[in-house]
Amino acid sequence: MLDFTLSPEQLELQKKAREFAVNEVLPVAWHFDERDEIPLSIIQKAFDAGIINADIPKKYGGMGYGLMEGVIVTEEISAACPGLATSLFDNSLGFEPIVISDNEFLKKKYLPKIVKERKRICFATSEPTMGSDVAGMQCRAKKDGDDYILNGTKYWITNGGIADYMTIFATVDPEQKHAGIGAFIVEKEWEGVRVGRPIPKLGQRTSNTAGISLKNVRVPKENVLAEPGQGFVLAMKTFSRTRPIIGAFAVGAARSAMEYSIDYAKKRRAFGARISNYQGIQFKLAEMYQKVETSRLLVLKAAWEADRGMDPTITASISKFYATEAAMEVLNDALQIFGGYGYTRMFPIEKLLRDTRLFTIYEGTSEVQRIIVSGYLLNYYKSIMPPIDEVPILIGESDLFDEKKGKGAVTAWRCPVCGYVHYGDEAPEECPYCFVGGKAFKKVWPR
Ligand SMILES: Cc1cc2nc3c(=O)[nH]c(=O)nc-3n(C[C@H](O)[C@H](O)[C@H](O)COP(=O)(O)OP(=O)(O)OC[C@H]3O[C@@H](n4cnc5c(N)ncnc54)[C@H](O)[C@@H]3O)c2cc1C
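Residue numbers (the working numbering): 1 to 447.
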């Protein structure tokens with residue numbers, strides 16, 4: 001059964017998120033962007049409105065929403081301000097490793113506090129010298145009795161400067177790569193934890209991004225979320241569930257760029273007519289909508305897979321790199337439709353474009369997504385079509401499909417190198433085109 005309709009509850013949630021986006025987020029977005037500052041009051045309001053943390057299971061005080069609800073809400077907030085959307089939904093990235101782990105103690109210890117006490121939690125794999133190559137992390141976790149001592153620097157951490165808790169990935173031995181990585185829940189107030197200045201950025205300036213220094217930070221045994229050897233898989237499983245959210249950020253940003261463009265094109269006049277009258281503009285708008293719709297479908301499919309307990313890794317990657325690249329194309333066309341005004345800070349496209357540019361970088365760059373998807377295709381994907389040297393390209397034999405003679409009246413053999421097809425009971429001694437020996441020929445008809 002395939003159904004593209006949202007449930008009444010999802011529609012209600014979408015409406016609530018839309019109202020929050022337009023009434024609370026949109027009016028403050030440029031002010032805080034200009035100041036390069038995160039609007040903490042909006043984060044508090046989002047907590048109160050149930051816009052964030054809704055995906056924490058009910059058992060621990062959350063609303064128990066699935067990823068489908070997550071992407072629906074995310075698109076709306078990102079349409080108003082992608083930077084703030086990043087900071088709002090970063091809590092989900094921070095607590096997702098706890099939610100998907102089987103560590104009941106840490107779930108009970110932290111998830112209710114995140115909901116009730118409005119605590120913020122960030123996620124840290126990246127470091128100053130490493131981002132894409134997660135297995136290459138250097139931050140050390142050294143066993144000391146039952147505890148671990150962390151030493152190292154995490155960098156680029158969204159909400160790093162404002163988080164109460166931190167999901168830190170660190171390694172017992174960098175030489176061990178994946179096999180050495182564990183995950184640890186660290187509290188900001190613990191001795192040895194310091195956060196750096198907010199990193200100045202091109203866009204997403206309403207989102208806090210900072211480095212975290214860990215110097216002899218003692219993590220008690222009970223705060224080990226994943227033992228060394230299990231942290232890398234936990235990080236990757238987390239990304240499989242959070243990458244569709246980045247796709248939803250992109251859908252939201254692209255959708256609002258498209259909506260602003262439609263409005264502007266209908267009002268702006270050139271050469272005696274509205275620019276929306278010109279096919280050059282109309283085609284841009286059509287392609288924008290095509291990209292928004294296809295991106296959203298991919299994002300929803302990834303969320304649907306995750307909510308059904310399927311492994312969403314591949315669809316999550318495809319949705320992320322498709323939607324984020326499509327959004328950049330939409331933003332670029334939108335800026336073109338706005339002409340000179342698109343390039344100014346008095347119209348919304350300039351900020352949307354700066355904010356959207358990040359989407360192809362964090363949570364795995366577009367290149368990393370291509371590595372994941374091509375790895376799947378080359379190693380696991382099951383083809384429907386026969387292997388290339390068994391494809392029955394049957395040209396030039398008239399009796400082949402003569403129904404009276406029946407299938408099999410003529411046998412066809414194909415050269416595996418140049419593709420020549422030989423008809424006869426036996427394969428030829430050699431290929432008349434490329435001279436490959438007949439033994440290599442494959443029987444391709446009848447099948
Ligand atoms: C604003 C912001 C917020 C962020 N938030 C977080 C956060 O909350 N938590 C966190 O842990 N991290 C976070 N990051 C880090 C982010 O995930 C990394 O920046 C990203 O993974 C890329 O890593 P890098 O910057 O080190 O680039 P590098 O890994 O150094 O890559 C540089 C370039 O080389 C390409 N490249 C690398 N390897 C290959 C390859 N094998 N084949 C082809 N191309 C390759 C990359 O795609 C990229 O284009 C954030 C980053 C930013 C900018």
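Ideal Cβ placement from N, Cα and C applies to all residues, glycine included.
Computed from a predicted model, the values in this text were never measured in an experiment.
Quick one: give me the first and last residue of the beta strand (DSSP E) that residue i is part of.
i    : result
M166 : Y165 to T171
S213 : T209 to V219
T74  : T74 -> not in any beta strand (DSSP E); alpha helix (DSSP H) instead, spanning L67 to A80.
G152 : D147 to T158
R140 : R140 to D144
With DSSP run on the structure shown, which of helix, strand or coil describes residue i?
i    : result
I275 : helix
V134 : helix
L285 : helix
V191 : According to the sequence as given, residue 191 is Glu; it is not Val. Coil.
R447 : coil
R354 : helix
F359 : helix
V417 : coil
L6   : coil
D90  : helix
D389 : helix
D333 : helix
L225 : strand
F184 : strand
D102 : coil
K177 : helix
E429 : coil
A21  : helix
A54  : coil
K59  : helix
T206 : coil
Does the beta-carbon distance from residue i to residue j come in below 8 Å?
i    : j    : result
E363 : F239 : yes
G229 : T74  : no
T365 : M328 : no
S295 : A254 : yes
D147 : K221 : yes
F184 : I168 : yes
A21  : E76  : yes
I337 : Y376 : no
For residue i and residue j, I'd like the C-alpha separation in whole angstroms.
i    : j    : result
L480 : G247 : Since the first residue of the chain shown is 1 and the last is 447, residue 480 is not available in this structure.
M236 : A79  : 27 Å
Y381 : P348 : 42 Å
A409 : A440 : 22 Å
R118 : K107 : 15 Å
K320 : M68  : 15 Å
T158 : K15  : 27 Å
T86  : A124 : 15 Å
A412 : G424 : 6 Å
R120 : N23  : 23 Å
P387 : M137 : 40 Å
D48  : K116 : 10 Å
P392 : N379 : 25 Å
S374 : A303 : 21 Å
Along the chain, where does the alpha helix (DSSP H) that runs through residue i open and close?
i    : result
V233 : G231 to K267
R35  : L26 to R35
N379 : S366 to N379
F47  : L40 to A49
Looking only at DSSP bridge pairs, what is residue i linked to?
i    : result
C122 : M166
H422 : W413
D311 : DSSP output for D311 lists no bridge partner at all.
K442 : R414
G437 : E430
A270 : A273
E127 : M130
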